[in-house]
Structures are given as C-alpha cells and as structure tokens.
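Below is one structure, written out as structure tokens; comments come after it.
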Amino acid sequence: MKLFQWLEKIGWSDSELAERLGVSRAAVSGYRTGKTQPDLTNAVKIVKLSEGAVTCEDMLKAPVSINKEVVNDLDEL
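This is how it looks when you write it as structure tokens:
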C-alpha cells in the first residue's frame, strides 16, 4: 500500500501516524494488514499529512480482508 511506502520514506512508525490521526496503533496496524481501512475523515487526514504523496484514490483502492461469515450473511439477504 502506498501509505506504508510513504511512512517508510519519511521515517514514521505506525505509532506516530496513529498519534497524528488520534487512533490506536492497533488501528494503523489493521490498515497495514488490510483487516481494516481508515474511515473517511482519517483517509482525508492521511492525504493532507502526506502532502499528496498518498491520494484519496490510493486510500479507496486499499485491499480489505473480508470475513467469510459476513459474505455468507449478505448472501442470505
């Protein structure tokens, strides 16, 4: 994910990004693993913090793992 390439380039840790976003380090770890994505507010904050190195499009394209149970529940609807 482009976000983590940018963090590596500027030398920020997950903890530093978490502090700047006002979320837990575990939340940022979830972004890294693809288990979660930042909400829209935090996605915009990331774009602003990165000064354009990470775009809104990059944030929307980020892969997210999908729980099979959730998919099964959706199929039943």
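Its first residue numbered 1, the sequence shown is counted upward by one per residue in the working numbering. Here a beta-carbon is modelled for each residue, glycine too, at the ideal position from N, C-alpha and C.
| Query | Result |
| --- | --- |
| C-alpha gap between Glu16 and Glu57, whole angstroms | 23 Å |
| Neighbour-count burial assignment, Leu7, 16 or more Cβ in a 10 Å radius | buried |
| Distance CB(Asp14)-CB(Ser29) smaller than 8 Å | yes |
| Sub-8 Å separation of Lys42 and Leu21 beta-carbons | The question names Lys, but residue 42 in the sequence shown is Asn. Yes, the Cβ-Cβ distance between Asn42 and Leu21 is below 8 Å. |
| Any non-hydrogen atom of the ligand NAD closer than 7 Å to Asp39 Cβ | For the structure depicted, the ligand NAD is absent and the ligand set is empty, with no information on it obtainable. |
| As assigned by DSSP and simplified to three states, the class of Gln5 | helix |
| Contact with chain D by Ser24, beta-carbon distance below 8 Å | Looking at the structure shown, chain D is missing, and only one protein chain is on hand. |
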